[in-house]
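Q:
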Amino acid sequence: MTTATLHDVRLVGAQTNRNYINDEYGALSWLLTKDHKRIAILYLISVSVMFVLGGFFAMMMRIELLTPEGDLLTSDTYNKFFTMHGVVMIFFFLIPAIPAVLGNFILPIQLGAKDLAFPKINLLSWYLYMAAAIIGLVVIITGGVDTGWTFYTPFSTQYSNTHVFGTTLAGFIAGFSSILTGLNFIVTIHRMRAPGLTWYRLPLFVWAMYATSVVMLLATPVLAITLTMLMIERTIGVGFFDPALGGDPVLYQHMFWFYSHPAVYIMILPAMGVASDVVAAFTRKKIFGYRFVAFSSLAIAFLGFLVWAHHLFVAGISVYSAMIFSFLSFFVAVPSAIKVFNWTATLYRASVSWQTPMLYILGFIGLFTIGGVTGLFLASIGLDIHVTDTYFVVAHFHYVMVGGTVMAYMAGLHYWWPKITGKMYPEWWARLAALLVFVGFNLTFFPQFILGYVGMPRRYHAYAPEFQVLNVLSTAGASVLAVGYILPLIYLVWSIWYGRPAGRNPWGAVGLEWATSSPPPKENFHETPVVTWDAYDYPAMMKAMGETQNV
Amino acid sequence: MSDLALGNEPHHHHPFLQHHFEDLGQQHEASTLGMWMFLCTEILFFGGILCAYWIYRVMYPEAWAVAAGLQNKLYGGINTIVLIISSLTMALAVRAAQVGSRIWQLIMLFATLVFGSIFLVVKGIEYSIHWKEGLFPGSHFTWHEHPAVAQKVQLFMCFYWGMTGLHALHMIIGAGLLLWIIGRAWRNDFGPEYYAPVEIMGLYWHFVDIVWIFLFPFLYLIHGVHHG
Numbered sequence: 036m037t038t039a040t041l042h043d044v045r046l047v048g049a050q051t052n053r054n055y056i057n058d059e060y061g062a063l064s065w066l067l068t069k070d071h072k073r074i075a076i077l078y079l080i081s082v083s084v085m086f087v088l089g090g091f092f093a094m095m096m097r098i099e100l101l102t103p104e105g106d107l108l109t110s111d112t113y114n115k116f117f118t119m120h121g122v123v124m125i126f127f128f129l130i131p132a133i134p135a136v137l138g139n140f141i142l143p144i145q146l147g148a149k150d151l152a153f154p155k156i157n158l159l160s161w162y163l164y165m166a167a168a169i170i171g172l173v174v175i176i177t178g179g180v181d182t183g184w185t186f187y188t189p190f191s192t193q194y195s196n197t198h199v200f201g202t203t204l205a206g207f208i209a210g211f212s213s214i215l216t217g218l219n220f221i222v223t224i225h226r227m228r229a230p231g232l233t234w235y236r237l238p239l240f241v242w243a244m245y246a247t248s249v250v251m252l253l254a255t256p257v258l259a260i261t262l263t264m265l266m267i268e269r270t271i272g273v274g275f276f277d278p279a280l281g282g283d284p285v286l287y288q289h290m291f292w293f294y295s296h297p298a299v300y301i302m303i304l305p306a307m308g309v310a311s312d313v314v315a316a317f318t319r320k321k322i323f324g325y326r327f328v329a330f331s332s333l334a335i336a337f338l339g340f341l342v343w344a345h346h347l348f349v350a351g352i353s354v355y356s357a358m359i360f361s362f363l364s365f366f367v368a369v370p371s372a373i374k375v376f377n378w379t380a381t382l383y384r385a386s387v388s389w390q391t392p393m394l395y396i397l398g399f400i401g402l403f404t405i406g407g408v409t410g411l412f413l414a415s416i417g418l419d420i421h422v423t424d425t426y427f428v429v430a431h432f433h434y435v436m437v438g439g440t441v442m443a444y445m446a447g448l449h450y451w452w453p454k455i456t457g458k459m460y461p462e463w464w465a466r467l468a469a470l471l472v473f474v475g476f477n478l479t480f481f482p483q484f485i486l487g488y489v490g491m492p493r494r495y496h497a498y499a500p501e502f503q504v505l506n507v508l509s510t511a512g513a514s515v516l517a518v519g520y521i522l523p524l525i526y527l528v529w530s531i532w533y534g535r536p537a538g539r540n541p542w543g544a545v546g547l548e549w550a551t552s553s554p555p556p557k558e559n560f561h562e563t564p565v566v567t568w569d570a571y572d573y574p575a576m577m578k579a580m581g582e583t584q585n586v
Numbered sequence: 450m451s452d453l454a455l456g457n458e459p460h461h462h463h464p465f466l467q468h469h470f471e472d473l474g475q476q477h478e479a480s481t482l483g484m485w486m487f488l489c490t491e492i493l494f495f496g497g498i499l500c501a502y503w504i505y506r507v508m509y510p511e512a513w514a515v516a517a518g519l520q521n522k523l524y525g526g527i528n529t530i531v532l533i534i535s536s537l538t539m540a541l542a543v544r545a546a547q548v549g550s551r552i553w554q555l556i557m558l559f560a561t562l563v564f565g566s567i568f569l570v571v572k573g574i575e576y577s578i579h580w581k582e583g584l585f586p587g588s589h590f591t592w593h594e595h596p597a598v599a600q601k602v603q604l605f606m607c608f609y610w611g612m613t614g615l616h617a618l619h620m621i622i623g624a625g626l627l628l629w630i631i632g633r634a635w636r637n638d639f640g641p642e643y644y645a646p647v648e649i650m651g652l653y654w655h656f657v658d659i660v661w662i663f664l665f666p667f668l669y670l671i672h673g674v675h676h677g
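Taken in order, these protein sequences are the chains called E and D. If you're matching positions, the first sequence starts at 36 in our numbering and goes up one per residue. If you're matching positions, the second sequence starts at 450 in our numbering and goes up one per residue.
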């Protein structure tokens, strides 16, 4: 086994300017690559396109909702737009975004590995994702789908005459893409860690990816079989979920949410992992209560499987099962709160650097807390019945998904951008964008809590005139949010050519990814590193990397 | 291949060692763990439809008993025995690979393929009989022997076709993988140092057999419970 110190690794890295980007040229060298870093770039481009598409549907809805009358979109078109917004954002952006882009790029490097365990399967994941995305785009171009992203039966099986089959097929295929990504991550974390890199020395991003992968592996197949049964029912007219033929539509809801509630944790757990790494990097501290944060990821993954029926409180389940699922849903708050408290405790009396990733993560902590606490409102059976299918629910899950996951994705993208591209993004513009996103987000979604609480139902293109003021605020916020998202699209691309070179470790952060050159060489490290320090152990890591800490 | 000589022990590069692994041991452990993880996914995949089957079985015990009585226990029993034997031959093929016996690998893998094919042929015969009896759900469903439960029998047949169909699809994929493994065994790729592909093929094959061990009683043998 090698005994190269990281100091040597750095020197070797500095002597060569070969990296994963300029190692080979040509479109085929990207489309047939087995390098996890290049596959991450392929994913980055694909999920960005899907994010813009999903954002377009959202903007059209917000413009429609400027006025109480349904004047821009017909009710049918509006149904299609909120469905396609949900399908595109959930299956094609939120679920793959952090794992398949940032996880793919960073995870093997954080483990000191040359690649994921199964590079060909990693590439296959991307092709499955693309196949699903292309089917999804064909569906959108040829008329769309209007069932809501949940595909509830019997509407989806019997009454909707839009492209339900194509959309569910796309969801099915995208599911296999995420199963294979999760499988690859689990095996890589178990079998590919560098010498000395024990479980408690892993960055918390890795723990979060591990918990996410377990959920991907165990929940997604249930979605696959559920959508298969739905497709069979719709195609040959049999009655798995059709009451007229002896089936039960509530069973569909149970099976669907058995996947789709854990899927919420597929979306938020990676965000929590990014938050832990960024908080540590910009406070120059060990995360407070490392093991609690690590195991709370696993606890969330486990408890996430036991709460699905809180989506069914009004679907006719028995009051006793509703009470049990309500109790279990409250229980998820415990590990989530442990994380929030530990991040806060890490920030306490730290010298915090206010760079863009940290700004996004501070936003993330606050917004996720609001999203989580309003989740407790919804876990209470009585209050849930009051606000079911209102904008309160819409606001709640956007606080978690956009305020949580998208904020953390932006944080992670900025944090690791210098590593991915070797270039710095323009800090001033990035801070401006982070501020716009924070302000725009709150302006968009906070009014929706009030709207929902006073009774505005979701999924209608027209509404009562007294709701207009809050809706105008929300649409104004969405416009600010759009600017906040378009800015990074411009300056990040700009920085690839014009950004100043980042150097190996621009943040003075610890973690193996900061020990190799930026962009990393094709094999990540010129020699396998040996790890002798705990995660986020600044003095030990800085010593190993042969530099002095200058905070 | 990595051109770095790692460490001081002699580090010969096996032709099937992929560049991102340190050694064949790590590669072997990664492949088998990967297959186990995939099988976890498969358990949840079949588990979903089995759970739905179970809920309707509790709701409609009469119809389930009648419908199970329509299945041909002889064909189902033959297929069960055939699959169990194929699991034995598959396990022996893994053993043959571990001890590096090319000829026994080929014999056992080929035997596994033959038994798998017998299963699929028998399953095909059953399917065609059901089709003629009007037991395919949907507009082809013309079975009305017990009108009181006919609709629920159709629901049972949805599960029958769905579950055995998914199982048969896994068998067909398994047969395809067997052909590929037979090709590699023919080229004498496997031996005591490197037999992971045969082993993970075996894991997959045993899993598909175990699914059938659940399907057979659930779909064929519950008849006697309510209708003696």
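Where a beta carbon is used, it is the ideal one built from N, C-alpha and C, also for glycine.
1) If you measure beta-carbon to beta-carbon, which residues of the region 526-552 of chain D are closer than 9 Å to chain E?
2) Just checking: is the beta-carbon of E/Thr261 within a distance shorter than 8 Å of some beta-carbon in chain D?
3) Between which two residues does the alpha helix (DSSP H) carrying D/His595 extend?
4) How about E/Trp452 and E/Leu341: are their beta carbons less than 8 Å apart?
5) Can you give me the start and stop residues for the alpha helix (DSSP H) that E/His449 sits inside?
6) Name the chain E residues that come within less than 8 Å of D/Ala501, Cβ to Cβ?
7) When we look at the beta-carbon of D/His595 and count the other beta-carbons within 10 Å, is it buried (16 or more) or exposed?
8) Can you tell me whether E/Pro143 is helix, strand or coil according to DSSP?
9) What first and last residue would you give for the alpha helix (DSSP H) that runs through D/Val543?
10) Would DSSP call E/Ala425 helix, strand or coil?
11) I want to see whether chain D comes within less than 8 Å of E/Phe340, judged by CB atoms only; does it?
12) Can we count D/His595 as close to the ligand MG, meaning its CB is less than 7 Å from some heavy atom?
13) On the DSSP bridge list, what partners appear for E/Pro536?
14) Starting from E/Ser110, trace the alpha helix (DSSP H) in both directions and tell me its first and last residue.
15) Keeping to the same chain, check which residues put their C-beta closer than 7 Å to that of D/Ile567; ignore five residues upstream and five downstream.
16) In chain B, which residues lie with their C-beta within 8 Å of the C-beta of E/Leu232?
17) Give the DSSP bridge partners of E/Pro492, in chain order.
18) List, in chain order, every chain E residue whose beta-carbon is nearer than 7 Å to that of D/Phe487.
19) Quick check on this structure: which residue in E/His120, E/Phe427, E/Met244 has the alpha carbon closest to the alpha carbon of E/Asp181?
20) For D/Gln520, go through chain E and note every residue whose CB falls closer than 8 Å to its CB, in chain order.
21) Over the uninterrupted alpha helix (DSSP H) stretch that includes E/Ser353, give me the two end residues.
22) For the alpha helix (DSSP H) holding E/Thr192, just list the boundary residues, first then last.
23) Would you call the CB atoms of E/Ile214 and E/Thr255 closer than 8 Å?
24) On the DSSP letters alone, give me the boundaries of the alpha helix (DSSP H) that D/Ser566 sits inside.
25) Alpha carbon to alpha carbon, what distance is there between E/Ala132 and E/Gly438?
26) Take every Cβ of the region 222-236 of chain E, pair it with every Cβ of the region 257-277 of chain E, and state whether three or more of those distances are shorter than 8 Å.
27) Can you look up E/Val565 in the DSSP assignment and give me helix, strand or coil?
28) Compute the distance between the beta-carbons of E/Ser160 and E/Thr203, then report whether it is under 8 Å.
29) By how many angstroms is the C-alpha of E/Val136 removed from the C-alpha of E/Ala575?
30) How would you label E/Trp234, buried or exposed, when you count the other beta carbons within 10 angstroms and need 16 or more for buried?
31) Quick check: the Cα distance between E/Ile455 and E/Gly61, rounded to an integer number of angstroms?
32) Using beta-carbon positions only, say whether E/Arg494 and E/Val428 come within less than 8 Å of one another.
33) Could you tell me the alpha carbon to alpha carbon distance between E/Phe560 and E/Ile301, rounded to whole angstroms?
34) Can you confirm whether the region 104-124 of chain E touches the region 501-521 of chain E when touching is taken to mean that 3 or more C-beta pairs between the two stretches lie within less than 8 Å?
35) Measure how close the beta-carbons of E/Val474 and E/Val435 come, nearest whole angstrom, since I'm counting them as under 8 Å.
36) Decide if the region 462-477 of chain E is in contact with the region 396-410 of chain E; the criterion is three or more beta carbon pairs, one per stretch, under 8 Å apart.
A: Taking the definition as stated:
1) Under the 9 Å Cβ criterion, the region 526-552 of chain D contributes no residue.
2) Your numbering for residue 261 of chain E matches position 226 in the first sequence. For E/Thr261, the answer is yes, since a Cβ of chain D falls inside 8 Å of its Cβ.
3) Along the second sequence, one-based indexing puts residue 595 of chain D at 146. Per DSSP, D/His595 belongs to no alpha helix (DSSP H) and is neither H nor E.
4) Mapped onto the first sequence, residue 452 of chain E falls at position 417. Mapped onto the first sequence, residue 341 of chain E falls at position 306. No, the Cβ-Cβ distance between E/Trp452 and E/Leu341 is not below 8 Å.
5) In the first sequence, the residue the question calls residue 449 of chain E occupies position 414. If you look at E/His449, you'll find it in the alpha helix (DSSP H) that goes 442-456.
6) Counting from 1 along the second sequence, the entry for residue 501 of chain D is found at position 52. Residues of chain E passing the Cβ test: Met264, Phe275, Leu286, Met290.
7) Taking the second sequence and counting its residues from 1, one reaches residue 595 of chain D at position 146. Exposed.
8) By one-based count along the first sequence, residue 143 of chain E stands at place 108. Helix at E/Pro143.
9) As a position in the second sequence, residue 543 of chain D is number 94, starting the count at 1. 522-547 is the span of the alpha helix (DSSP H), which, as asked, contains D/Val543.
10) Here residue 425 of chain E refers to the residue found at position 390 when the first sequence is read from its first residue. Sequence inspection shows Thr at residue 425 of chain E; the Ala mentioned does not correspond to that position. Look at E/Thr425 here: in three-state DSSP terms it is strand.
11) In the first sequence, the residue the question calls residue 340 of chain E occupies position 305. Not one chain D Cβ lies under 8 Å of E/Phe340.
12) Questions concerning the ligand MG fall outside what the structure shown contains, since it holds no ligand whatsoever.
13) Taking the first residue of the first sequence as position 1, residue 536 of chain E is located at position 501. For E/Pro536, which the question treats as bridged, DSSP gives the partners E/Lys458.
14) One-based indexing of the first sequence puts residue 110 of chain E at position 75. Per DSSP, E/Ser110 belongs to the alpha helix (DSSP H) from 110-122.
15) Reading the second sequence from its first residue, position 118 is the one you call residue 567 of chain D. Closer than 7 Å at Cβ, skipping near neighbours: Val531.
16) Going by chain labels, chain B is absent from the structure shown, which instead holds the protein chains E and D.
17) Counting from one through the first sequence, the residue named residue 492 of chain E turns up at place 457. Paired residue(s): E/Thr425.
18) Position 38 of the second sequence holds residue 487 of chain D. Under the 7 Å cutoff, chain E gives Leu218.
19) Numbered from 1 along the first sequence, position 146 holds the residue referred to as residue 181 of chain E. Closest option to E/Asp181, Cα to Cα, is E/His120.
20) Translated into the one-based positions of the second sequence, residue 520 of chain D becomes position 71. For D/Gln520, no chain E residue has a C-beta closer than 8 Å to its own C-beta; the minimum C-beta separation is roughly 18 Å.
21) The residue you call residue 353 of chain E lines up with position 318 of the first sequence. Unbroken run through E/Ser353: none, as it is neither H nor E.
22) Within the first sequence, the letter at position 157 stands for residue 192 of chain E. Neither: E/Thr192 is in no alpha helix (DSSP H) and is coded neither H nor E.
23) The sequence position of residue 214 of chain E within the first sequence is 179, counting from 1. The sequence position of residue 255 of chain E within the first sequence is 220, counting from 1. Going by C-beta atoms, E/Ile214 is nearer than 8 Å to E/Thr255.
24) What you label residue 566 of chain D is simply residue 117 of the second sequence in a count that begins at 1. Looking at the DSSP string, the run of the alpha helix (DSSP H) that includes D/Ser566 is 551-581.
25) Translated into the one-based positions of the first sequence, residue 438 of chain E becomes position 403. Translated into the one-based positions of the first sequence, residue 132 of chain E becomes position 97. E/Gly438 and E/Ala132: Cα-Cα distance of roughly 14 Å.
26) no
27) Within the first sequence, residue 565 of chain E is the residue found at index 530, counting from 1. E/Val565: coil per DSSP, three-state reduction.
28) Locating residue 160 of chain E in the first sequence gives position 125, counting from the first residue. Locating residue 203 of chain E in the first sequence gives position 168, counting from the first residue. Taking 8 Å as the Cβ cut-off, E/Ser160 and E/Thr203 do not qualify as a contacting pair.
29) Taking the first sequence and counting its residues from 1, one reaches residue 575 of chain E at position 540. Taking the first sequence and counting its residues from 1, one reaches residue 136 of chain E at position 101. Using only the alpha carbons, I get a separation of about 29 Å.
30) To locate residue 234 of chain E, count along the first sequence from 1; it is residue 199. Flag for E/Trp234 reads exposed.
31) For this step, residue 455 of chain E is matched to residue 420 along the first sequence. For this step, residue 61 of chain E is matched to residue 26 along the first sequence. Each residue's alpha carbon lies about 19 Å from the other.
32) Translated into positions along the first sequence, residue 494 of chain E becomes position 459. Translated into positions along the first sequence, residue 428 of chain E becomes position 393. Contact: no.
33) Within the first sequence, residue 560 of chain E is the residue found at index 525, counting from 1. Within the first sequence, residue 301 of chain E is the residue found at index 266, counting from 1. Going by the C-alpha atoms only, they are around 29 Å apart.
34) no
35) On the first sequence, residue 474 of chain E is found 439 positions in, with the first residue counted as 1. On the first sequence, residue 435 of chain E is found 400 positions in, with the first residue counted as 1. With 8 Å as the limit, E/Val474 and E/Val435 do not qualify as a contact, their Cβ atoms being about 19 Å apart.
36) yes
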